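Trainee:
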Amino acid sequence: MAYARIASIDQILEGKVYLSQTKHATIAITRIGSEFFAFEDNCSHDGEEISSGELVDGVITCPRHFAKFSIRDGSVLQFPATEPLTIYPIKVEGNEIFVDLDV
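All residue numbers for the sequence shown refer to our numbering, where the first residue is 5 and numbers rise by one.
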C-alpha cells in the first residue's frame, strides 16, 4: 500500500467534492458525517469529470449522461454506466487524510 497525503480534514466539506491531482489520477474526496470517501474523478462510462455532477446522500450523478454511482463502494446505481467507479482506501491520521493510490 502506498498511502499519500491528499488533504486535511478541514478541507473536505460535507456534500462537496474536493479534488486532488496526483501523478496517477485526479482523486475526488467527499465527506458524509464523519466518514470520508475517495474515488477517481472519472466516469467509468465515458471519462467525464464526475466531480462536477450532483452529489446527494452518497450518490454522485455524472453530468453528461446521468449515470449514478455509490461513492461508498463505487457501484453503478443507474445506467448507462456498467463499470464501477475506482474507489481508493482512506486513512485519517490526526487532521490529515491519506489515500492508498495502489488500487
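All C-beta atoms, glycine included, are put in the ideal place defined by N, C-alpha and C. For clarity, every value in this text was computed on a predicted model and none was experimentally measured.
1. Taking the Cβ atom as the reference point for each residue, do A71 and P88 lie within a distance shorter than 8 Å?
2. Check I94 in the structure and name its three-state DSSP category.
3. Figure out for me which residue from E53, E58, A29 has the closest Cα to the Cα of K20.
4. I need the boundaries of the beta strand (DSSP E) containing F102, first residue and last residue.
5. Which residues does DSSP pair with F41 in a beta bridge?
6. Roughly how many angstroms separate the alpha carbons of K95 and Q15, rounded to a whole number?
7. Which residues mark the beginning and the end of the beta strand (DSSP E) in which Q82 is found?
8. Taking buried to mean at least 16 other C-beta atoms within 10 Å of its own C-beta, is A42 buried or exposed?
Mentor: Short version:
1. no
2. strand
3. E58
4. 100 to 104
5. T34
6. 15 Å
7. 80 to 82
8. buried
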